[in-house]
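Q: Take a look at this one; I'll ask things after.
Residue numbers (the working numbering): 6 to 190.
Shown next, in the form of structure tokens:
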């Protein structure tokens with residue numbers, strides 16, 4: 006079951022479009038999040054229900070036409086008008102800074118413990134997110150006093166627990182050591 010702590014608002018359905026169930030939506034993130042098969046979540050009578058888009062296309066400079074799977078008529082689509090669109094936080098990580106609007110604020114991760122998913126050992130604590138390069142990086146302070154850079158990559162992130170402020174990651178062998186060696190040079 007999807008809980009409110011696991012989602013973040015990413016937009017809003019504005020109105021229906023045509024007769025086949027398309028919805029006009031304003032998104033606060035890049036439309037790739039929706040078109041890449043990630044679930045969009047809608048609050049229906051107090052229950053957060055995931056939906057998947059069968060198509061997404063731009064309409065003007067700030068809005069999109071979204072067709073949700075299983076919503077095939079204007080009548081069905083009317084239930085979504087003026088509803089907030091949510092994304093699942095763990096799936097939103099790689100969309101931190103698309104279109105200049107942050108889904109997560111960079112400071113949201115400050116203080117999160119980073120753990121190796123396989124060894125269960127703590128790698129360190131996120132001090133900040135570095136967005137100065139093309140790829141976002143978690144800047145992590147290790148218990149040994151080192152600062153390591155970990156790419157914010159969906160394949161590496163196994164779980165983000167906002168309640169406990171924990172990020173579980175599956176990192177390639179040697180990534181942390183490589184960071185430390187580069188610092189020593």
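Backbone N, C-alpha and C define an ideal beta-carbon position, used for all residues, glycine too.
A quick note: this is a predicted structure, and the numbers were derived from the prediction, not measured.
Residues in the same chain with beta-carbon distance under 6 Å from residue 91, minus the five sequence neighbours each way, listed in chain order, please.
A: Along the chain shown, read from residue 1 onward, the residue named residue 91 stands at position 86. For residue 91, where only same-chain residues beyond five positions count, the Cβ hits under 6 Å are 12, 14, 46.
Q: Can you grab the Cα-Cα spacing for the pair residue 21 / residue 7, in whole Å?
A: Counted from its first residue, the chain shown places residue 21 at position 16. Counted from its first residue, the chain shown places residue 7 at position 2. Between residue 21 and residue 7, the C-alpha separation is close to 26 Å.
Q: If you drop the 5 nearest sequence neighbours on each side, which residues of the same chain put their C-beta closer than 7 Å to that of residue 122?
A: Against the chain shown, residue 122 aligns to sequence position 117. Hits under 7 Å: 163, 173, 174, 175.
Q: Given that a residue counts as buried once 16 or more other Cβ atoms are within 10 Å of its Cβ, and exposed if not, what is residue 29?
A: As a first step, residue 29 is located in the chain shown; it is residue number 24 there, counting from the start. Buried is the call here.
Q: How would you label residue 80, buried or exposed, when you count the other beta carbons within 10 angstroms and need 16 or more for buried?
A: Your numbering for residue 80 matches position 75 in the chain shown. So residue 80 ends up on the exposed side.
Q: For residue 60 versus residue 31, is the C-beta spacing smaller than 8 Å?
A: In the chain shown, the residue the question calls residue 60 occupies position 55. In the chain shown, the residue the question calls residue 31 occupies position 26. Their beta carbons are not under 8 Å apart, which means residue 60 does not touch residue 31 by this criterion.
Q: Whose C-alpha, out of 180, 148, 169, is nearest the C-alpha of residue 161?
A: Looking up residue 161 in the chain shown gives position 156. Among 180, 148, 169, the Cα nearest to that of residue 161 belongs to 180.
Q: By a C-beta neighbour count over all protein chains shown, 10 Å radius and 16 as the cutoff for buried, is residue 152 buried or exposed?
A: Counting from 1 along the chain shown, the entry for residue 152 is found at position 147. So residue 152 ends up on the exposed side.
Q: Counting only runs of 4+ residues fully inside the stretch 10-85, write out the alpha helix (DSSP H) ranges in chain order.
A: Correct list: 37-40, 79-82.
Q: Consult DSSP for residue 182 and reduce its assignment to one of helix, strand or coil.
A: Numbered from its first residue, the chain shown carries residue 182 at position 177. DSSP places residue 182 in helix when its eight states are reduced to three.
Q: Between residue 16 and the rest of its own chain, which residues show a CB-CB distance below 7 Å, the 5 nearest in sequence each way excluded?
A: Taking the chain shown and counting its residues from 1, the one referred to as residue 16 is at position 11. Answer for residue 16: 30, 31, 32, 33, 90, listed in chain order.
Q: At what residues does the alpha helix (DSSP H) containing residue 97 begin and finish?
A: Within the chain shown, the letter at position 92 stands for residue 97. Its alpha helix (DSSP H) spans residues 94-97.
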